[in-house]
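K.L.:
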Amino acid sequence: MKKVLFLLVLVSVLLVTGLFAKTTITYWQYFYQTKKDTINELIKEFEKENPDIKVVHETFPYADFGTKVASSIPIGKGPDIIALYYGWLPSYVGADYLIPLPEEYFPDEYIDENFFSFVKPGVTYEGNAYALPTAVRALALFYNKKLFEDAGLDPDNPPATLDELLDYAQKLSKYDNKGNLIQEGLGVQPNNQGHHWFREILVRQFGGTPYSDDGYEVTYDSPEGHAAFEWYTELTTKYNVGFPNFVTDDRTAFNAQKSAMLVDGSFAIGNFLKNKALDWGVTTIPSKDGIEANFASFWCHGITKNVLSDPAKEEAAAKFLKFITSPSAMKLWLENVGELPANPELAAEYNDDPIYGPFLQGLSYANSTFFVDETAQRNVIVDAFDRVYLEGEAPDVSIDEAAEIEQAVLDEFYGK
Amino acid sequence: MKLRKKRIVTAYAFLTIPMIFFIVVRFWPMIYSFWMSFTDWNLLSNAQKNFVGLANYQHIFTNETFIKSLCNTFAYVLVGVPITIILSLFIAILLNRIIKAQGLFRLIYLMPYITPIVAVSWVWRWIYQPLPTGILNNLLVSMGFEAQGFLNSTTQALISVVITTVWMNLGYCVVIFLAGLQTIPQNLIEAAKIDGANRRQSAMKITIPLLNPIVLFMIVMQSISFLRIFTQVYNMSSQGTGGPLNSTKTIVLYIYQKAFVDYDMGIASSASVVLFAIIMIITFLQFKFVKKDVGY
Amino acid sequence: MLKSDKRINIIIYIFLGILAFFMIFPFLWMVLSSFKPSWEIFQMNIFPQSPTFDNYSYVLEYSNMGRWFLNSLIVAGASTLSVLFFDSLIGYVLAKFEFPGKKLIFALIMSTLMIPTEMLVIPWYVMVDNFGWADSYWSIMFPGMITGFGIFLLKQFITTVPNDLLDAARIDGVTEFGIYWKIVLPLVKPALATLAIFNFIGNWNAFLWPLIVTSSSSLYTMPVGLAFFSSENVTQWEIVMTGATISTIPLIIFFLIFQKQIIKGIARSGIKG
């Protein structure tokens, strides 16, 4: 009798604890104050809606985020949901680190309906979608109104074409009596957004394409690509309106009012808003011969293989991912962090916004590169620029060499 | 005999914990990474560790970037070690001649050595910036010289990092040489003076030879430290790439990037085995040379 | 003769003075920049025109500086104590005992000086996980509990302790550990001071391993915490310089307090090493 009673108690205790046991999931992103705060706010709300789920949120220094992720893998710890740059996706998926988004939470039409059209190809790998963004990014031209006035330019009339851009940049550049540049007309920093500007925008505006349609071939080693790269490198080598690492980097230079114009992403807005001394405006990326182009990118959130050990975890992770990529989360993200929502309908509300407008306009005709190895592909362009700038190589020779190296990166990835 | 045996047992007893420590914390990981250097281990996918033979070694020795890093690393040693040793020896000799404020100078020279390398690298990166914000370039231009590229130049970047490293290590070497000089019996130098030797002669004939063992020891230690140079290179180049155009990249930075940026632990392991071998050979040769030459 | 000596001395002082300025200028720039408001940071004046503590209050507000400082102190302090004990014990055994395998053990210990840390961190991390050490001070400091450098240094010193002294103690019935503790250790105090200082500085500045092994910000050490001020966006030099100053000042204070021992210690390491 006693034994039966004991068993009964045991079973009921197990049942009760089983029912009320919380599933704990861990979310990782890199540290940025407003992003951290926003996610914390979202977690609070999420946990209220899902009392059986607890979300642990951990952040790491931006520069060391990859190191941290990589070292967590051999021990199978680390996050259940992770923020990653979309360009890292192929290497993460290729190594089976991410799992496909669960179909029942994220059917195809859900992604088609709720996200910009460039998102899906960016997160899809061999037919499966692996991650989703809260916010998206595009490029635009930032300019310093005060420096415009100082140079006798109309601060309400920023350059609209590449020719105007070069003309303005020359007028805005200042030199000391020995010819050293002391104020940049236009920031030139291939390792920030410069390589994107060249790859996805300038190449197209000069009539070329950066890659073949299937993404397997590098195609900027064309006459059009040569012309685009020549134009880009001549900003430094011929016109000297800016050069890499001037005042640390182009964004820092612009923030310090040492650079008058800057091609940069929407994620820089937050910084410039904080800088009260800076009187700045932003406009769409200058066109050439009527051709508009832009580069869209995003950080997204994926579910890692760590959840596979526990179906409850997988479910909780899917719920959380859906929550932080929902329109309400996007709205909060925009208000707190200042990044554009990944939902086109929501984004449309800001089309006429003086700050967000130019980026959103850009998004409508933007491409996003399918990176297989973002770091390597960035460095290919950075090195090509440096060979021209520091070693005097001809732009066409240098960019052909870059294409060859990048092709090898693609070939290795696609297993050719 | 009994006492001898007892002492052997005592020695082993004292060594047990430390030896377990070294086996677990140093040798096991070392053997592990040696083994990993023959696999295609991708850090992101822990499961995949296929044996690939010598493919990783073949890869790095035909890889332009690795060869460049290897050459750069030797350049750091060949440029950095002599500058550090000669300059610090010279300063130590000068310091040894003065009486007032010797301690103060020694203290000031030693300050960089105790400062976090990361902090120091940031400051130096600023110092080396181009106009209008670079401190050194502002100074050069105000004195009528041309502005220089420093870290933005493929020819000057490596030497710029070397100068920063010399600046960091100088005080440490000065203090050691100074102490060495102060142990040289003064009467030897007095005797030389009486014999009519001038200052240069007494330096060449007495001071330098007596300092030899210390100099050689310092060469060994500085060589190891320059062979493992990483933090300042990582923090002084744009985005930590070891640029421009890999002109400052070292083997350790190559290893770091392969491991934690490309997640290619197989390649990273084989590069670190190569580095280990190089350090060992150089250290072995130097010790051998030291022993033979001065009976150290 | 005397006159030329004086002239040479003046030249030496001028040279050493210029060099001292060269050595100290980067610190000066770092510290003074940390008091500049952001709009002033790129004006090339040395002294801040409108000095401010804003950068410090910013860094303190957006960080857990007090905690990180404490963590660094605990990690560096505890591992230094361990290093002093074990390294001197091993140094004593290697210097004063004869036993089979001694040469091999010494060679193996020396070889640990040549392994790049970058290759060890992943296996260490696997170990931390297997032993369940995650999220503890122990996990940060265990790899540095015994060091090859310290053993090498102390072995060289202990070799110079006269054997007669140790034998006399043995005859008096002192245990081997007692000899080490009561006779050897007091005799090599200066070497211990050197090692303590090197080791403390090394641990205080360690970055890669603490970064990998810590997850919660309450366990960060100073260098890991300061890395949070690197960002995807603008490089705020005034904040960077403030962080650098904050991480340097404790070491400078430590150095000023112990400068006599440090200089004595470093000097010895060179001569005996």
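Protein chains in written order, with our numbering: chain A, -8 to 407; chain B, 107 to 402; chain C, 8 to 280. All C-beta atoms in this analysis are idealised placements derived from N, C-alpha and C, irrespective of residue type, glycine included. On a predicted model such as this, the values are computed, not experimentally measured, just so you know.
Scan the segment 218 to 249 of chain B for residues whose Cβ lies nearer than 8 Å to a Cβ of chain C and list them as they occur along the chain.
P.N.:
Here the close residues are 218, 220, 221, 222, 223, 224, 225, 226, 228, 229, 230, 232, 233, 238, 239, 241, 244.
K.L.:
Is there a Cβ of chain C sitting closer than 9 Å to that of residue 30 of chain A, yes or no?
P.N.:
no
K.L.:
Quick one: Cα of residue 376 of chain B to Cα of residue 70 of chain C, how far?
P.N.:
Their backbone Cα atoms lie some 39 Å apart in a straight line.
K.L.:
Taking any Cβ of chain C, which residues in the segment 126 to 140 of chain B have a Cβ under 8 Å from it, in chain order?
P.N.:
127, 128, 130, 131, 132, 133, 134, 135, 136, 138, 139
K.L.:
Between residue 192 of chain C and the rest of its own chain, which residues show a CB-CB distance below 8 Å, the 5 nearest in sequence each way excluded?
P.N.:
95, 199.
K.L.:
Taking CB distances under 9 Å as the criterion, tell me whether residue 381 of chain A reaches chain B.
P.N.:
yes
K.L.:
Tell me the residue span of the beta strand (DSSP E) that contains residue 252 of chain A.
P.N.:
252 to 256
K.L.:
State the Cα-Cα distance for the pair residue 391 of chain A and residue 47 of chain C, rounded to the nearest angstrom.
P.N.:
Cα to Cα, the separation comes out at about 43 Å.
K.L.:
Please classify residue 245 of chain B: is it buried, with 16 or more other beta-carbons within 10 angstroms of its beta-carbon, or exposed?
P.N.:
exposed
K.L.:
Note down the Cα distance separating residue 299 of chain A from residue 305 of chain A, rounded to an integer number of angstroms.
P.N.:
7 Å
K.L.:
Return no unless some Cβ of chain A is closer than 9 Å to the Cβ of residue 223 of chain C.
P.N.:
yes
K.L.:
Which residue marks the beginning of the alpha helix (DSSP H) containing residue 58 of chain A, and which one marks its end?
P.N.:
56 to 63
K.L.:
Alpha carbon to alpha carbon, what distance is there between residue 257 of chain C and residue 255 of chain A?
P.N.:
39 Å
K.L.:
In angstroms with no decimal places, state the Cα-to-Cα distance between residue 414 of chain A and residue 161 of chain A.
P.N.:
This structure cannot speak to residue 414 of chain A, because chain A is shown only from -8 to 407.
K.L.:
Compute the distance between the beta-carbons of residue 61 of chain A and residue 19 of chain A, then report whether it is under 9 Å.
P.N.:
no
K.L.:
Report the neighbours of residue 358 of chain B on chain C: residues whose CB is nearer than 7 Å to its CB, in chain order.
P.N.:
123, 125
K.L.:
Mapping DSSP to helix, strand and coil, what is residue 119 of chain A?
P.N.:
Assignment of residue 119 of chain A by DSSP, reduced to helix, strand and coil, places it in the strand class.
K.L.:
Confirm, please, whether the CB-CB distance from residue 152 of chain C to residue 106 of chain C is below 9 Å.
P.N.:
For residue 106 of chain C and residue 152 of chain C, no; Cβs fall outside 9 Å.
K.L.:
Where do the N-terminal and C-terminal ends of the alpha helix (DSSP H) with residue 106 of chain A fall, by residue?
P.N.:
Looking at the DSSP string, residue 106 of chain A is not in any alpha helix (DSSP H), and its letter there is neither H nor E.
K.L.:
If distances are taken between C-alpha atoms only, which option among A:41, A:295, A:261 comes closest to residue 325 of chain A?
P.N.:
A:261
K.L.:
Under 9 Å, do residue 285 of chain A and residue 198 of chain A count as touching if we go by C-beta distance?
P.N.:
no
K.L.:
How would you call residue 141 of chain B, buried or exposed, if buried means at least 16 neighbouring beta carbons within 10 angstroms?
P.N.:
Within 10 angstroms of the beta-carbon of residue 141 of chain B lie fewer than 16 other beta-carbons, which makes it exposed.
K.L.:
Within 9 Å (strictly less), CB to CB, does residue 260 of chain B reach chain A?
P.N.:
With its beta carbon less than 9 Å from one in chain A, residue 260 of chain B belongs to the interface.
K.L.:
Give the list of continuous alpha helix (DSSP H) stretches no shorter than 4 residues that lie fully inside the segment 178 to 253 of chain B.
P.N.:
208 to 220, 223 to 233, 241 to 248
K.L.:
Assess contact between the segment 61 to 79 of chain C and the segment 242 to 254 of chain C, defined as three or more Cβ pairs (one per stretch) separated by less than 8 Å. Is contact present?
P.N.:
yes
K.L.:
Using only CA atoms, which one of B:111, B:138, B:173, B:112 lies nearest to residue 358 of chain B?
P.N.:
B:173
K.L.:
Residue 402 of chain B: buried (16+ other C-beta within 10 angstroms of its C-beta) or exposed?
P.N.:
Since pLDDT at residue 402 of chain B reaches only 32, below the 50 mark, its modelled position is unreliable, and the value read off the structure follows with that caveat. Exposed, because fewer than 16 other Cβ atoms sit within 10 Å of the Cβ of residue 402 of chain B.
K.L.:
Per DSSP, what are the beta-bridge partners of residue 291 of chain A in this structure?
P.N.:
A:75, A:124
K.L.:
Rounded to whole angstroms, what's the CA-CA distance from residue 23 of chain A to residue 197 of chain C? Just pull it up for me.
P.N.:
46 Å
K.L.:
Just checking my contact of residue 270 of chain B with residue 338 of chain B at CB under 8 Å: how many whole Å lie between their CB atoms?
P.N.:
6 Å
K.L.:
What are the partner residues of residue 45 of chain A, as DSSP defines its beta bridges?
P.N.:
A:15
K.L.:
From residue 113 of chain C to residue 203 of chain C, what does the alpha carbon distance come to, in whole angstroms?
P.N.:
21 Å
K.L.:
Alpha carbon to alpha carbon, what distance is there between residue 66 of chain A and residue 309 of chain A?
P.N.:
23 Å
K.L.:
Restricting to runs no shorter than 4 residues, where is the alpha helix (DSSP H) found entirely within the segment 58 to 84 of chain C?
P.N.:
61 to 68
K.L.:
Within 9 Å of any Cβ in chain B, is that where the Cβ of residue 373 of chain A sits?
P.N.:
Output row for residue 373 of chain A: interface = yes.
K.L.:
Scan the segment 286 to 372 of chain A and note each continuous beta strand (DSSP E) run of 3 residues or more that stays entirely inside, going in chain order.
P.N.:
290 to 295
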